[in-house]
Each structure stands twice: as structure tokens, then as C-alpha cells.
Amino acid sequence: EKAYDLVAEMLERIEKSKFNAYITVNGDALKLAEEYDKGKLEGKLAGIPIAVKDNISTKGMRTTCASKILEDYVPVFDAHVVERIKQEGAIIIGKTNLDEFAMGTTTETSYFGVVRNPHDENRVAGGSSGGSGAAIAAGETVLSLGSDTGGSIRCPASFCGVVGLKPTYGLVSRYGLIPYANSLDQIGPMASCVEDLALLLEVISGKDERDSTNAGKPFVFTPKFRKFRIGVISEMGGNDDVMKCFEEAVEVIKGMGCEVGEVSMPSFKYALAAYYIIAMGEASSNLARYDGVRYGYALPQLDSWTRYFSKVRAEGFGSEVKRRIMLGSYALSAGYYGKYYLKALKVRTLVKNDFQRAFKDYDLLISPTMPSLPFRIGELADPLTMYKMDVNTVPINLAGLPALSMPIGFVKGLPVGMQVIGNYFEENAILSFALELE
Ligand code: GLN
Numbered sequence: 019e020k021a022y023d024l025v026a027e028m029l030e031r032i033e034k035s036k037f038n039a040y041i042t043v044n045g046d047a048l049k050l051a052e053e054y055d056k057g058k059l060e061g062k063l064a065g066i067p068i069a070v071k072d073n074i075s076t077k078g079m080r081t082t083c084a085s086k087i088l089e090d091y092v093p094v095f096d097a098h099v100v101e102r103i104k105q106e107g108a109i110i111i112g113k114t115n116l117d118e119f120a121m122g123t124t125t126e127t128s129y130f131g132v133v134r135n136p137h138d139e140n141r142v143a144g145g146s147s148g149g150s151g152a153a154i155a156a157g158e159t160v161l162s163l164g165s166d167t168g169g170s171i172r173c174p175a176s177f178c179g180v181v182g183l184k185p186t187y188g189l190v191s192r193y194g195l196i197p198y199a200n201s202l203d204q205i206g207p208m209a210s211c212v213e214d215l216a217l218l219l220e221v222i223s224g225k226d227e228r229d230s231t232n233a234g235k236p237f238v239f240t241p242k243f244r245k246f247r248i249g250v251i252s253e254m255g256g257n258d259d260v261m262k263c264f265e266e267a268v269e270v271i272k273g274m275g276c277e278v279g280e281v282s283m284p285s286f287k288y289a290l291a292a293y294y295i296i297a298m299g300e301a302s303s304n305l306a307r308y309d310g311v312r313y314g315y316a317l318p319q320l321d322s323w324t325r326y327f328s329k330v331r332a333e334g335f336g337s338e339v340k341r342r343i344m345l346g347s348y349a350l351s352a353g354y355y356g357k358y359y360l361k362a363l364k365v366r367t368l369v370k371n372d373f374q375r376a377f378k379d380y381d382l383l384i385s386p387t388m389p390s391l392p393f394r395i396g397e398l399a400d401p402l403t404m405y406k407m408d409v410n411t412v413p414i415n416l417a418g419l420p421a422l423s424m425p426i427g428f429v430k431g432l433p434v435g436m437q438v439i440g441n442y443f444e445e446n447a448i449l450s451f452a453l454e455l456e
């Protein structure tokens with residue numbers, strides 16, 4: 019009865035939950051738990067409850083991207099990562115809440131309502147993978163999967179006091195991840211401790227020919243602590259609450275025998291702008307597929323195709339998604355391409371170069387994950403203020419590097435997260451360091 023009892027308890031908690039972490043609960047979860055208890059489920063994750071962000075395709079289970087336009091969309095295939103966790107015997111508890119199409123930092127743009135932070139229900143759980151972070155913190159799952167385009171795994175990990183990793187671009191197949199911005203998106207693991215997270219990364223990483231950007235490398239965790247050279251990034255800061263906690267963590271790291279220095283990344287002052295131009299440009303092109311014919315939300319036939327298409331999209335998309343489609347189309351339009359998109363790509367190269375320069379002197383780089391404590395729901399009223407909260411997380415996606423967020427303490431009863439960045443495919447170093455510090 020071991021798995022059965024655990025899953026039953028979690029399902030009950032979800033039903034009574036105030037946090038709104040789930041959009042859909044898996045009706046088969048208890049049946050799977052029973053199978054495990056009868057010895058019929060085997061693998062590295064056998065009998066372990068896992069939550070899957072609702073922009074990752076699950077065969078036969080609706081996948082909404084927290085959008086009205088996909089409210090009733092049921093995929094006919096599993097994402098690569100879902101195939102893998104099933105093969106390893108995990109029990110999918112349900113699909114977690116997110117910002118609409120993963121566009122946001124708080125889950126406030128979800129069609130299904132905001133996720134509340136288990137440490138303070140009047141505050142956000144972070145985003146866009148807020149449901150995946152909150153579900154772990156609230157004991158409504160053991161493991162979860164998120165996706166990270168500009169911080170969407172690390173932000174909720176930080177705000178919910180859990181660990182979350184954005185892997186090296188290409189380590190985890192994106193097959194079946196409903197795209198936001200393909201050149202930045204990565205699926206990654208979230209857990210309550212480093213060892214659990216590493217195990218999930220082992221399962222989801224590796225070769226998949228259905229994603230042309232997949233590196234084909236499996237990840238194997240072989241923890242090895244050395245006296246890492248740690249660089250603190252001067253351009254990545256936070257408010258006083260966050261910095262106090264971060265500076266204490268730096269002292270602990272020095273105490274572990276690591277050499278700590280400061281490193282400056284001049285290109286980072288343009289990274290946020292470059293990120294939003296690239297992300298919105300790719301999003302505007304990706305979201306053209308939602309036309310009311312092939313997927314999801316549909317209307318009775320109208321006399322003109324253009325009117326039909328416009329009406330479906332006007333009714334189906336929320337305002338943040340519309341803003342991004344418009345800004346993205348603008349930035350990519352013939353007359354402005356050179357002024358915005360091309361410039362953004364150049365900044366992207368500078369960001370990559372700055373990181374490579376830093377990795378000559380340092381093994382790992384650190385910063386606060388988020389510049390502030392979890393916001394109150396509704397606190398960030400205008401989009402630009404919201405975008406600015408991603409300042410510490412987006413350069414990592416521009417460069418395609420791996421980065422972890424791990425809890426380093428509490429301020430005013432709220433968790434603070436530290437970001438640990440490694441060079442390409444250096445997940446083993448990141449996780450070894452984090453395991454030692456944890
Ligand atoms: N907050 C960022 C954005 O809105 C990152 C989102 C994400 O990583 N999916 O684009």
C-alpha cells in the first residue's frame with residue numbers, strides 16, 4: 019500500500035488546496051499507485067509522484083498551456099520527457115498551472131487563475147512554472163517538470179524554496195514541449211533536494227532524434243566536490259533583503275574552501291532587452307498555428323477566413339500573449355528587423371562571449387536568482403516592471419548555459435534562492451557544488 023497511501027494523501031491535499039497549483043489531476047494516478055504496490059511498475063522513478071507543467075504534451079490528458087485557446091486540447095502523443103518518466107515507473111499526479119504559454123513571471127496570466135505561494139498565500143509562487151514549484155512546496159507532489167525560456171524554472175524554485183534546474187540547451191529533448199521561443203526553451207527538473215533533482219535529470223536527458231537541437235548526451239550524476247573557483251557576477255543583484263541572504267551564503271561558500279572572486283559582464287545591461295525581442299519574435303511566429311482549425315478553441319464558420327481567424331484569436335488569447343504577438347511581429351517586420359532583431363542577436367553573441375571569458379577564471383558563477391522576495395499578488399501592475407524581474411535569469415538562456423536555483427535561507431518568512439551557473443554540460447559540477455552547500 020505504500021505508493022497508494024502516498025498518492026491518495028496527495029490527491030486529497032490537492033483537492034483541498036488553496037494554492038491552485040494544478041490545472042488537471044490524472045484520473046489514473048491511484049490505479050498506477052496500485053500497480054506499483056503489486057510490483058508491476060519498475061524503473062528509476064518507480065512509484066514516485068511527479069507533476070508535469072501543462073505546456074508539456076501528455077497523451078490522452080489535456081494540455082492547456084493555461085490558455086483558453088487550448089482549454090480542451092488533448093494531445094495524441096507524449097512528449098519525450100513524459101515517455102521517459104513513464105518508462106521509469108513514475109506516477110504522473112497531474113498537470114501544473116503556469117502563465118499562459120509560459121509568458122510571465124508570476125502565473126498571473128494563467129486562464130485558470132494565479133498560483134498562490136505555499137509560504138504565504140497572498141504572494142505569487144513565481145512563474146511561469148509556478149504550479150510545478152508550489153506543488154512541491156505544498157507536498158502535493160514529490161518531483162515536477164517545468165520549462166525555462168528566461169527563468170521559468172528558476173524563479174518559482176526561488177520563490178517556493180525548492181531546487182530547479184535549467185539544463186544546457188540541447189541536453190533534454192524539447193519534443194512535445196509546446197514552444198514559446200524555441201531557441202531559448204528547455205525542459206528541466208524541480209525537486210525538494212539536489213539528489214532527487216539529479217535523478218530526474220538522469221531520466222529526462224539523453225538522445226532523441228525528434229528534436230534536431232538535441233545533443234544526444236545522457237546525464238549521469240557522479241557527485242565530486244572540489245574547491246571550486248566561484249565568480250560572483252557584479253551585474254546581477256537584488257534588493258537589501260535578498261542581498262543580505264546572498265552575502266551570508268557567499269561567506270558559507272568561502273568557508274567550504276572555495277575561492278570566491280567578483281566578475282563583471284558588461285554586455286548584461288543589454289541582455290534583458292535582447293531577450294524580450296528574441297523571445298517575442300519567436301513567440302509571434304510560433305503562435306500563428308492557433309487558428310481555430312487545427313487545435314483547440316473553435317467557432318461556428320464565418321463568411322470570411324480572416325474574420326474567423328481574428329475572432330478565434332481575439333477570444334482565445336489573453337492580453338499578455340496578444341501584447342507579445344504584436345511586439346514580436348513588429349520587431350521582426352521588414353522595416354525594423356535590422357534595428358531590433360538583428361541587434362538583439364548581436365547582443366546574444368556578446369553575452370555568450372562574456373560568459374566564456376568568465377569561465378576561463380571560474381568554474382561556476384553565482385548570483386541571487388530573483389532580485390526580490392516573492393511579490394504580493396497584483397503587486398507588479400505594469401508589464402515592464404514585471405519583465406525587469408527577469409534580469410538575473412535571462413542571460414543564461416541567451417547563452418544556452420545550465421543554471422540551478424537553490425534555497426539559501428529565509429527573510430521575513432519567505433525563501434531566497436541562489437543561482438549557480440556552469441559552463442555547457444557542466445551540470446555535474448553545478449549539482450556537486452549544490453549538494454555540498456545544501
Ligand atoms: N518571465 C520570462 C518571460 O516572460 C520567462 C518566462 C519563461 O521562462 N517561460 O518571458
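Just so we're on the same page, the UniProt record's numbering is the position in the sequence shown counted from 1, plus 18. All C-beta atoms in this analysis are idealised placements derived from N, C-alpha and C, irrespective of residue type, glycine included.
Query raised in the report: Can you tell me the Cα-Cα spacing of residue 345 and residue 248, whole angstroms?
Result: Approximately 38 Å, taken between the alpha carbons.
Query raised in the report: With a CB to CB cut of under 8 Å and the five nearest residues on each side skipped, what residues in its chain are close to residue 158?
Result: 28, 31, 32, 35, 37, 39, 40, 69, 111 and 152
Query - Three-state class that DSSP yields for residue 38 in the structure shown - result: coil
Query raised in the report: Where do the ends of the beta strand (DSSP E) carrying residue 424 lie?
Result: If you look at residue 424, you'll find it in the beta strand (DSSP E) that goes 421–429.
**Report entry** residue 113 versus 364, 175, 75 and 222, residue with shortest Cα-Cα distance
**Finding:** 75
Report task. Mind the definition here: the stretch 354–364 touches the stretch 97–110 only if three or more C-beta pairs lie below 8 Å; say whether that holds. Result -> Segments in contact, no.
**Report entry** Residue interval of the alpha helix (DSSP H) (run including residue 216)
**Finding:** 212–222
Report task. Give me whichever residues DSSP pairs with residue 69 in a beta bridge. Result -> 112 and 162
Requested in this report: Using 7 Å as the cut-off, classify the Cβ of residue 72 as near or not near the heavy atoms of the ligand GLN, replying yes or no.
Outcome: no
Query raised in the report: Count the other CB atoms within 10 Å of the CB of residue 265; is the residue buried (16 or more) or exposed (fewer)?
Result: exposed
Query raised in the report: What residues in its chain sit with their C-beta under 6 Å from that of residue 256, if we drop five residues either side in the sequence?
Result: 386 and 389
Requested in this report: Look at the Cβ atom of residue 65, then the Cβ atom of residue 109, and state whether they are nearer than 8 Å.
Outcome: yes
Requested in this report: Mind checking which residues open and close the alpha helix (DSSP H) that includes residue 369?
Outcome: 359–379
Requested in this report: Measure the alpha-carbon distance for residue 351 versus residue 302 and round it to whole angstroms.
Outcome: 11 Å
Query raised in the report: Quick one, which of 293, 452, 444 and 325 has its alpha-carbon nearest residue 415's?
Result: 293
Report task. Would you kindly work out how many angstroms separate the C-alpha atoms of residue 222 and residue 407, rounded to a whole number? Result -> 29 Å
Requested in this report: Determine, using beta carbons only, whether residue 369 and residue 285 come nearer to each other than 8 Å.
Outcome: yes
Requested in this report: Give me the Cα-Cα distance between residue 190 and residue 24, rounded to the nearest whole angstrom.
Outcome: So the two alpha carbons sit approximately 29 Å from each other.
Query raised in the report: Which residues mark the beginning and the end of the alpha helix (DSSP H) in which residue 55 is found?
Result: 47–55
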